[in-house]
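The listed protein sequences derive, respectively, from chains A and B.
Start counting the first sequence at 2; every next residue gets the next number (my numbering).
Start counting the second sequence at 2; every next residue gets the next number (my numbering).
Protein chains: 2
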Amino acid sequence: MSVTIKDIAKLAGVSHTTVSRALNDSPLINPETKERIKAIAGSMNYTPNYSARSLVLDRSYNLGLFFTTLHTGTSAGFLYEAIKGVNDVIKDDYNLIVRGIDDYKSFHKVNRKNFDGIIVMSQSESDQSFIEYASDKEIPLVVLNRPVESVQVMNFVPDDQSGAYRLTEYLVQQGHRHIAIIEGKQGFKSTQARRDGYREALRKHGITVPEAYYVSGNYDLESGHAAMSKLLELPDRPTAVFCCNDDMALGAVKAVTERGLSVPEDISVAGFDDHLFSAFMSPALTTVRRPIEELSRAGAEKLLKFIETKHSEKSVVLFHTELVIRDSVKSI
Amino acid sequence: MSVTIKDIAKLAGVSHTTVSRALNDSPLINPETKERIKAIAGSMNYTPNYSARSLVLDRSYNLGLFFTTLHTGTSAGFLYEAIKGVNDVIKDDYNLIVRGIDDYKSFHKVNRKNFDGIIVMSQSESDQSFIEYASDKEIPLVVLNRPVESVQVMNFVPDDQSGAYRLTEYLVQQGHRHIAIIEGKQGFKSTQARRDGYREALRKHGITVPEAYYVSGNYDLESGHAAMSKLLELPDRPTAVFCCNDDMALGAVKAVTERGLSVPEDISVAGFDDHLFSAFMSPALTTVRRPIEELSRAGAEKLLKFIETKHSEKSVVLFHTELVIRDSVKSI
DNA sequence: AACAGCATTGTTAACGTGTGCATTTCTATG
DNA sequence: CATAGAAATGCACACGTTAACAATGCTGTT
Chain A
2 MSVTIKDIAK LAGVSHTTVS RALNDSPLIN PETKERIKAI AGSMNYTPNY SARSLVLDRS
62 YNLGLFFTTL HTGTSAGFLY EAIKGVNDVI KDDYNLIVRG IDDYKSFHKV NRKNFDGIIV
122 MSQSESDQSF IEYASDKEIP LVVLNRPVES VQVMNFVPDD QSGAYRLTEY LVQQGHRHIA
182 IIEGKQGFKS TQARRDGYRE ALRKHGITVP EAYYVSGNYD LESGHAAMSK LLELPDRPTA
242 VFCCNDDMAL GAVKAVTERG LSVPEDISVA GFDDHLFSAF MSPALTTVRR PIEELSRAGA
302 EKLLKFIETK HSEKSVVLFH TELVIRDSVK SI
Chain B
2 MSVTIKDIAK LAGVSHTTVS RALNDSPLIN PETKERIKAI AGSMNYTPNY SARSLVLDRS
62 YNLGLFFTTL HTGTSAGFLY EAIKGVNDVI KDDYNLIVRG IDDYKSFHKV NRKNFDGIIV
122 MSQSESDQSF IEYASDKEIP LVVLNRPVES VQVMNFVPDD QSGAYRLTEY LVQQGHRHIA
182 IIEGKQGFKS TQARRDGYRE ALRKHGITVP EAYYVSGNYD LESGHAAMSK LLELPDRPTA
242 VFCCNDDMAL GAVKAVTERG LSVPEDISVA GFDDHLFSAF MSPALTTVRR PIEELSRAGA
302 EKLLKFIETK HSEKSVVLFH TELVIRDSVK SI
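Shown next, in the form of structure tokens:
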């Protein structure tokens, strides 16, 4: 059986309360007694029973990092950057619980007893009921990646729309007018924001494109490949394709080269996200950088502050997205 | 304040003990009383206080998924597959805590009170002291990815050496004799296993290669690019390069194309891991598939069994690696 | 020496839940 | 109706820790 504060108390000849005071830096203890107790605790390798502390303090020391889903539409790079960003902030002071919201049959297991706070990495509105539930339960909550108006939460959102707008403008500036789009997973807010940015830029430049230039993907390599294959069959083939994430761009480029065509000589391709591999594609991909790691870090910092101060306020912080010009777009 | 079993007991007109029996399917309760209690608990949205249960039952319901490090040498795909594999097994019965072992200043926070079990995804021997510590503390432990002899643990290991051997044999069968290797992160056991497989195949075929054909990388895109740049400068340039993971292979292919050379016409490139992007590279990468998700799933299943039965035995399960032939190797 | 105030320590209960043993209730049998 | 045994329920304590309030000890002042 493990060492408890009662074992230490016996050896130190004090009450268990005094041991607790010593180990928690209470002002209500003589410094010499404190050091003596700490030495004994150290020599016995005492560690607190966190369950007991959690019970008394009404704290769990768990933080949730919840993704709308982990099953599909969530790329490895996205998951990786989110975990790294949050982990850099919380270190080993909290347990980071990683989950897909769609894994919950019922949310009632998620409550203040089990989570000190939750970061929702929101990909679509399908997690809206969860966000409302968590807010209603007054669980400290931060929502990343998607703006949420109906709930008083802190929000950190990459500016996907202006990123997509800027990228499409760049394609226009390079002379392209036949610009197609391979969209992301239907229902995801990022899909809509990127499409809106694309459309806004076309409209600004008085460009109209046929309906066939809108093709759906699923944010993965295969769907990018399939979507590009469709676009390449069109009688009026686009000169440039905006792929709404880098995974789909890689699949699209593959579809192009399989037909004996080349990027960007025969058709230009752009992506979105700036994953690690994007700079190493052949050709190096022109894309938009989304700072997922920084956004996750900022969200975690805010959540810790919220937990500490018991205070939060509605805010939306837009994270700058950045056009990254490489080699996959040709000037025509 | 939340609903406790005492609140339910009051409404049901029974003791809290009876409520506990009802909610835990004890045989020591009248079925009608049980249903009545369950109905009340349901209508009050009762959930157990897990801290209290953990304290009484000496259980934490936390499982650790610990990587040797999350800082460098751990690719997004690797992390993603491991988390997915484990998560598929544990669902929401346990909290999955994801950490880098090198994040711990001291291991003493890791104990049976805080973790019901731990899966170590071991990348190098630098986690050996942790594995020994956890085993000594009798924390249920499963080690994935690296064989461990000094400790009585269950081990699930992909057969990297024979994967690398088979890949190198394939290169030899395709006529290559000037075969270089871009190694992984120094000190990682996977680096050694893949190098050993490569050397074993060369030896089998009586092939000797210059020392300059061994170049170090760091399991990332940049180091693959840099290592291939070195190999391309050699007066006696290799005809084929075995990159010890797919990220480095992508970087290496980029270095080739940047020099106006092409893969596989001018130089063949092979990888290791079969990440999702590998099939979509231009050319599609010949590589070795390592079943990280399956291995993680098997490890999690074994760990849950161990926690349940309090019984475990030393075992090493080798997971089959598979040569995946695509387009990046030319026959000469 | 007596008293007041402050510092230090201890007693007791709380947190929410599970369980061993005691008590009560119910049922079957003679 | 009385008795025995089984079923059902409750009492009291435990788990390890924190904290409110009580008690004790020490120090300084008059």
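All residues carry an ideal CB built from backbone N, CA and C; glycine is no exception.
Item                                                                                                                               : Value
Test: threonine 288/B CB closer than 7 angstroms to a CB of chain A                                                                : no
Closer than 7 angstroms at the beta carbon, the chain B residues around lysine 53/A                                                : Correcting the residue type first, residue 53/A is alanine in the shown sequence and not lysine. Here the neighbours are Leu56.
Spatial neighbours of leucine 12/A in its chain, beta-carbon cut-off 6 angstroms, leaving aside the 5 residues before and after    : Ile41
Close Cβ partners of glycine 198/A (< 8 angstroms) along its chain, the five nearest in sequence each way excluded                 : Asp161, Gln162, Ser163, Gly164, Ala165, Tyr166, Arg167, Leu168 and Thr169
Sequence-distant residues of its chain with Cβ nearer than 7 angstroms to proline 148/A (five each side left out)                  : Asn156, Val158 and Val317
Option in Pro32/A, Lys303/A and Glu234/A with minimal Cα separation from leucine 262/A                                             : Glu234/A
Buried versus exposed call for threonine 310/B [16 or more other C-beta atoms within 10 Å across all chains shown]                 : exposed
Cβ of alanine 271/A within 7 angstroms of any chain B Cβ                                                                           : no
Any chain A beta carbon closer than 7 angstroms to lysine 255/B                                                                    : yes
Three-state class that DSSP yields for phenylalanine 131/A in the structure shown                                                  : helix
Minimum Cβ-Cβ distance from tyrosine 95/A to chain B less than 7 angstroms                                                         : no
Chain-ordered residues of the stretch 57–68 of chain A with a beta carbon less than 8 angstroms from chain B                       : Ser61 and Asn63
Beta strand (DSSP E) segment containing methionine 249/A, residue limits                                                           : Run containing methionine 249/A: none in the beta strand (DSSP E); it sits in the alpha helix (DSSP H), 247–259.
Aspartate 274/B versus lysine 306/B: straight-line alpha-carbon distance, rounded                                                  : 29 angstroms
Beta bridge counterpart(s) of leucine 203/B as assigned by DSSP                                                                    : Answer by DSSP bridge pairing: none, since leucine 203/B is not bridged.
Cβ-Cβ separation, methionine 249/B to aspartate 267/B (assumed contact under 8 angstroms), whole Å                                 : Between methionine 249/B and aspartate 267/B the Cβ distance is about 18 angstroms, and since that is not below 8 angstroms, they are no contact.
Per DSSP, cross-strand counterpart(s) of valine 144/B                                                                              : Val121/B and Asn156/B
Per-residue contacts from lysine 114/A into chain B (C-beta, under 8 angstroms)                                                    : Ser3, Thr48, Asn50, Tyr51 and Ser52
Neighbouring residues, chain B, relative to serine 283/A (Cβ below 7 angstroms)                                                    : Val254, Lys255, Thr258 and Ser283
Contact under 7 angstroms by Cβ, serine 140/B with phenylalanine 108/B                                                             : Checking the displayed sequence, the identity of residue 140/B turns out to be isoleucine instead of serine. Cβ distance not < 7 angstroms, so isoleucine 140/B and phenylalanine 108/B don't count as in contact.
Collapsed DSSP secondary structure at aspartate 103/B in the structure displayed                                                   : helix
Buried or exposed (CB count within 10 angstroms, at least 16 for buried), glutamine 124/B                                          : buried
Start-to-end residues for the alpha helix (DSSP H) that takes in threonine 310/B                                                   : 293–310
Candidates Ile180/A, Ala181/A, Leu172/A and Met122/A, of which the one nearest valine 154/A by Cα                                  : Met122/A
Interface partners of isoleucine 84/A on chain B, CB under 9 angstroms                                                             : Leu71, Leu80, Ile84 and Val99
Start and end residues, beta strand (DSSP E) containing valine 289/A                                                               : 288–290
Straight-line Cα distance separating valine 330/A from aspartate 255/A                                                             : It should be pointed out that residue 255/A corresponds to lysine in this sequence rather than to aspartate. So the alpha carbons of these two residues sit roughly 15 angstroms apart.
For serine 332/A and glycine 207/A, believed in contact at Cβ under 8 angstroms, the rounded distance                              : That belief does not hold up - the Cβ atoms of glycine 207/A and serine 332/A are roughly 20 angstroms apart, past 8 angstroms.
Burial state of isoleucine 326/A, where buried means 16 or more other Cβ atoms lie within 10 Å                                     : exposed
Stretch-stretch touch, CB-based, cutoff 8 angstroms, three pairs: the stretch 295–305 of chain B with the stretch 84–98 of chain B : yes
Residues near methionine 229/B in its chain [Cβ-Cβ closer than 6 angstroms; skip 5 each side]                                      : Ala253 and Ala256
Boundaries (first-last residue) of the alpha helix (DSSP H) holding alanine 181/A                                                  : Looking at the DSSP string, alanine 181/A is not in any alpha helix (DSSP H); the run it does join, the beta strand (DSSP E), is 180–184.
Meets three-Cβ-pair contact criterion under 8 angstroms: the stretch 191–205 of chain B and the stretch 87–106 of chain B          : no
Cβ pair threonine 288/B, aspartate 237/B closer than 7 angstroms                                                                   : no
Beta-carbon gap between isoleucine 6/B and valine 20/B smaller than 7 angstroms                                                    : yes
Contact set for glutamine 225/A: own chain, Cβ-Cβ below 7 angstroms, skip 5 residues either direction                              : The question names glutamine, yet the displayed sequence has glycine at residue 225/A. Closer than 7 angstroms at Cβ, skipping near neighbours: Ile183, Gly218, Cys244, Asp248, Met249, Ala250, Leu251, Gly252 and Ala253.
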